[in-house]
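Add 271 to the 1-based position in the sequence shown for the numbering used here, that's all there is to it. Have a look at the structure below before the remarks.
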Amino acid sequence: MRYFVGVKMEKLFENAKQIFIKNCREKVNFQAGFRCKFNAMADREYELHITGATLYSIYLNGVFIFYGPARAAHGYLRVDTLKLQAAEGENVLCVSVAGYNCPCFGNMNHKSFIQAEIFENGVSIKHTGRDFSAISLNKLREEKAYRYDYQRAFTEVWYLDNNSPLTNWIETDFESEPICSYQYDEKLIPRVFTEPDFQMVRFGEPVAYGFFEQAEELVFYKSDHLIGKNYTIVCYAPSEIRNPVLTDVQGRYITDNSHEMNENRYAFYDYGRVNTGFICASITAEKDSEVYIIFSEKQQEDGSLELKDIPSIIKYELKASDKAYDLQAFEAYSLRYLIILVKRGSIKIHNVGLREYSYPYSYNTTLEVEDEALLKIFDSARETFRQNTIDGFMDCPGRERGLWLCDSYFTGQAEQIFAGKGVVEEQFLKNFMMAKEFPGIPVGVIPHNYPSENCGVIPQWAMWYVLEMNEYLKRRRDDKEIFREFCYDFLKYLQNYERYDGLLKKLDGWNFIEWSDANKYVEIADVSYPTNMLYARVLEVVGTLYNDAPLCKKAKMIKDLIVAHAFDGTLFCDGAIWNGTEYVNMTEVSEACQYYAVFCGVADEQDKKFCRFFDYFYHILGYERKKKQEYPEIAYSNLFIGMTVRFECLLKKGRYEQLLDEIKEYYGHMAEQTNTLWEHDSTIASLNHGLSSVAGVLIIKALTGIIDINEAEQIITVDKQFLKKVRYKISIGLNQGHISAECDGSERSIVVSGPYTLRYT
């Protein structure tokens, strides 16, 4: 069964119908426009209530004002409520809707529709089903385009003509196409999440110009989702695609001194850091032109941008016009570098920029510290948090925009420090409990990425959900009973995989520990010890939270079994394999396994038999070992998530100076290169990864010795031991007060206002 959570139900619409263009609501990658005029009076207030699928951009009198909707669990739709800054007299509201109709990580797969209503002083005056006209925009945006990647929908290819009423549909009256009304079963709930920050930033002048030389041998990228080989992916076959943008931009980008922007010329921009939002450009097409906007978080050694098998490309075919085209991407992307390439024609670039799409509550904590490296990392952690937090905790805002478990355990901590609220985490966790269904997911377990239509199971990530839930209930006062039924159903599900002594055997789904050789071990093991370490911790959490002594006893038993089977007196091996007669330990040992042992409380520092283990943990393991390639027999860990777990362990063990040193060593080059923090310790993947925002939390807690901020019980726990040689001033906002922490290099001062108790330990 699913786990009902009481949701605030409001009457969000009075008359609005759920509508879409007739015979188009199931079309794949279909763009539509909806337009409504209304008269406004100076002394009255106007409000728009709106929801839809898949995504929409909203314009008032030709000016962009919003992007939505927020994601919701199966069985629900979130409704945006917007105050309209209407001008006196006639106003025009326009909504551009992309109906993708394809499963992906970034959005729910719902048949296309829009439902909208305008209120004047609380009275309905305009609504869909009566007052909105509709126009098909599929002649402006190419339907049969490549998927952006497996996790997101389609690339953007646009055909624009300033002399055409269709291009100017936002400003020009048109005859409405036939509209049909539909009735959906979902319950309507408020957005809840605060409105994102849509601040416009400029890229400045190009850092280089050059000549593009088309490659003679074109490489078609191997990903099945781009070429239609994988039948489970909704996409267009290569033979159907009109604009093969990936091959169009393959070649050499040769820098020269000419600033001309005509055939096979390009301009190269470097924003200086990674940022997320809607790419904007003002361009005049002096001739009919084909313009490609190519973007990436990273630059390759030869100066080109890394695309790999993700077509980070927007194509515009622009008809010649004296009037500039003010372009804004429909989707949000993450980038630092950008190329504007003219394959045909001639253009003039007026400006290039980015309309940010980020979380506005990001400045709850301020840090002044003499250590510039720490300050840079803290600022990068903040940037990473605000770009990965909109309506949930994303793993990355570019490649996927998916809302992942495990990542969220760490980003939830960052929300407390950077936002000072628990709104996003609350809704993120409750989406799982609210869901009417998880298609294809067994009862008792939850998907690893949600809300999403590409639901799958990483059983270890469901365990991280329980751990995060426990920490959330400390960060925000809430009813633990909301989660009880799921916790016990999940434990019942896991019992199906227990072997004779209680240890878990291999679980169904994608078994995942971290991005390193450690994950090869968990995949081949019949019994994974890191998985069982998590299992013991989950049993302990549920047992403690719900006063279930047998569960706590079972957790202790599992820990003892792991030590008895996996610990050799120095380190833990990663797993055991069934040879047909008995379970035999693998010879493989990973660094990540050792971090799980500490994090889950399997290795007890107070127990003398772990003396050598903790000597390894503190003095041998870590990033320095990897850089020096020492002890290669212990598989090196990665940032996602082994090293992140290590940092949290160092914090909990009070190793503050060591932690800050390792943070600078590990994150320093990331902060310098992109002003964001990454998925790995190299540039092989996302350079803007949500869980790494926890670095800001680690810095604040290591500097101050503030171990825990328990908003539920209003207790601030502080370590009596603290770093004396670092000078800092820190301000942290609380839900009902404030923390001020300061150190002059020898004495520490912590002052709390509000109904909080300082507890020193």
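Glycine included, C-beta positions come from ideal geometry on N, C-alpha and C.
Distance CB(residue i)-CB(residue j) smaller than 7 Å
{"i": "Thr954", "j": "Thr655", "result": "no"}
{"i": "Ile396", "j": "Ile385", "result": "no"}
{"i": "Arg523", "j": "Glu484", "result": "yes"}
{"i": "Lys614", "j": "Thr555", "result": "no"}
{"i": "Phe993", "j": "Gly976", "result": "yes"}
{"i": "Gly548", "j": "Tyr628", "result": "yes"}
{"i": "Ala690", "j": "Asn635", "result": "yes"}
{"i": "Arg1030", "j": "Thr988", "result": "yes"}
{"i": "Phe681", "j": "Val965", "result": "yes"}
{"i": "Leu489", "j": "Thr443", "result": "no"}
{"i": "Gly814", "j": "Leu822", "result": "yes"}
{"i": "Glu739", "j": "Ser679", "result": "yes"}
{"i": "Phe783", "j": "Ile729", "result": "yes"}
{"i": "Thr325", "j": "Tyr371", "result": "yes"}
{"i": "Val809", "j": "Tyr764", "result": "no"}
{"i": "Ile688", "j": "Gly967", "result": "yes"}
{"i": "Gly913", "j": "Ala837", "result": "no"}
{"i": "Thr465", "j": "Ser1002", "result": "no"}
{"i": "Gly304", "j": "Ile450", "result": "no"}
Anticipated Cβ contact below 8 Å, residue i with residue j, distance rounded
{"i": "Glu984", "j": "Leu1005", "result": "Glu984 to Leu1005, Cβ: 13 Å. No contact."}
{"i": "Ile607", "j": "Asp541", "result": "Looking at the sequence provided, one finds Arg at residue 607 rather than Ile. Right, the Cβ-Cβ distance comes to about 7 Å (below 8 Å), so this counts as a contact."}
{"i": "His940", "j": "Glu950", "result": "Not quite, the Cβ-Cβ distance comes to about 14 Å (not below 8 Å), so this is no contact."}
{"i": "Asn725", "j": "Phe376", "result": "5 Å"}
{"i": "Asp456", "j": "Pro631", "result": "Actually they are not in contact, since the Cβ atoms of Asp456 and Pro631 sit about 33 Å apart, beyond 8 Å."}
{"i": "Ile564", "j": "Ile584", "result": "7 Å"}
Residue i, buried or exposed, once every other Cβ within 10 Å from all chains shown has been counted against 16
{"i": "Gly543", "result": "exposed"}
{"i": "Cys844", "result": "buried"}
{"i": "Tyr502", "result": "Its pLDDT being 47, under 50, Tyr502 is placed unreliably by the model, and the measurement read from it follows with that caveat. So Tyr502 ends up on the exposed side."}
{"i": "Ala486", "result": "exposed"}
{"i": "Ile525", "result": "exposed"}
{"i": "Glu297", "result": "exposed"}
{"i": "Ser787", "result": "buried"}
{"i": "Pro1026", "result": "exposed"}
{"i": "Thr1032", "result": "exposed"}
{"i": "Pro477", "result": "buried"}
{"i": "Val855", "result": "exposed"}
{"i": "Asp831", "result": "exposed"}
{"i": "Arg418", "result": "buried"}
{"i": "Ala685", "result": "buried"}
{"i": "Cys758", "result": "buried"}
{"i": "Val1022", "result": "exposed"}
For residue i, the nearest candidate out of the options (CA to CA)
{"i": "Tyr317", "options": "Tyr866, Gly360, Thr526 and Ala966", "result": "Gly360"}
{"i": "Gly259", "options": "Val363, Thr352 and Leu969", "result": "This structure does not reach residue 259, given that the chain is present from 272 up to 1032, and the question cannot be answered."}
{"i": "Ser592", "options": "Glu557, Glu577, Gly616 and Asn622", "result": "Glu557"}
{"i": "Ser447", "options": "Glu487, Lys410 and Ser404", "result": "Ser404"}
{"i": "Gln289", "options": "His940, Lys458 and Lys410", "result": "Lys458"}
{"i": "Val812", "options": "Trp849, Met734 and Trp781", "result": "Met734"}
{"i": "Leu331", "options": "Asp314, Glu534, Lys382 and Cys307", "result": "Cys307"}
{"i": "Val334", "options": "Met312, Ser1024 and Val363", "result": "Val363"}
{"i": "Trp675", "options": "Gln687, Lys692, Asn286 and Glu696", "result": "Glu696"}
{"i": "Phe482", "options": "Ile611, Phe445 and Gln766", "result": "Ile611"}
{"i": "Pro722", "options": "Gln731, Gln877 and Glu708", "result": "Glu708"}
{"i": "Tyr596", "options": "Ala826, Trp429, Pro631 and Asn702", "result": "Trp429"}
{"i": "Glu285", "options": "Arg315, Asp314 and His320", "result": "His320"}
{"i": "Arg462", "options": "Asn741, Arg653, Leu283 and Lys825", "result": "Leu283"}
{"i": "Asn300", "options": "Val368, Met312 and Lys354", "result": "Val368"}
{"i": "Arg926", "options": "His890, Lys898 and Val640", "result": "His890"}
{"i": "Ser617", "options": "Lys647, Tyr768 and Glu588", "result": "Glu588"}
{"i": "Trp732", "options": "Asp878, Phe911, Asp797 and Ser651", "result": "Phe911"}
{"i": "Trp781", "options": "Tyr768, His719 and Ala479", "result": "His719"}
{"i": "Glu561", "options": "Leu578, Tyr817, Glu534 and Asp779", "result": "Glu534"}
{"i": "Met471", "options": "Lys354, Met857 and Ala552", "result": "Ala552"}
{"i": "Ala973", "options": "Phe884, Lys991, Lys745 and Ser383", "result": "Lys991"}
Check: residue i C-beta below 6 Å from any heavy atom of the ligand NAP
{"i": "Leu931", "result": "Of ligands this structure carries none, so the ligand NAP is not represented either."}
Within the region 510-558, ranges of the alpha helix (DSSP H) (whole runs, at least 4 residues): 516-519
Entirely enclosed beta strand (DSSP E) segments - the region 455-495, minimum 3 residues: 458-461, 471-473 and 479-485
Whole runs of the beta strand (DSSP E) within the region 571-647, excluding any shorter than 3 residues: 584-589, 596-599, 604-615, 618-627 and 636-640
Inside the region 288-343 only - beta strand (DSSP E) runs reaching at least 3 residues: 289-292, 301-311, 317-324, 326-331 and 334-339
Every unbroken alpha helix (DSSP H) inside the region 760-841 [4 residues or more]: 788-795, 800-816 and 820-837
Beta strand (DSSP E) runs contained entirely in the region 391-467, provided each spans 3 or more residues: 394-398, 404-407, 427-431, 450-453 and 458-461
Every unbroken beta strand (DSSP E) inside the region 835-899 [3 residues or more]: 846-849 and 854-856
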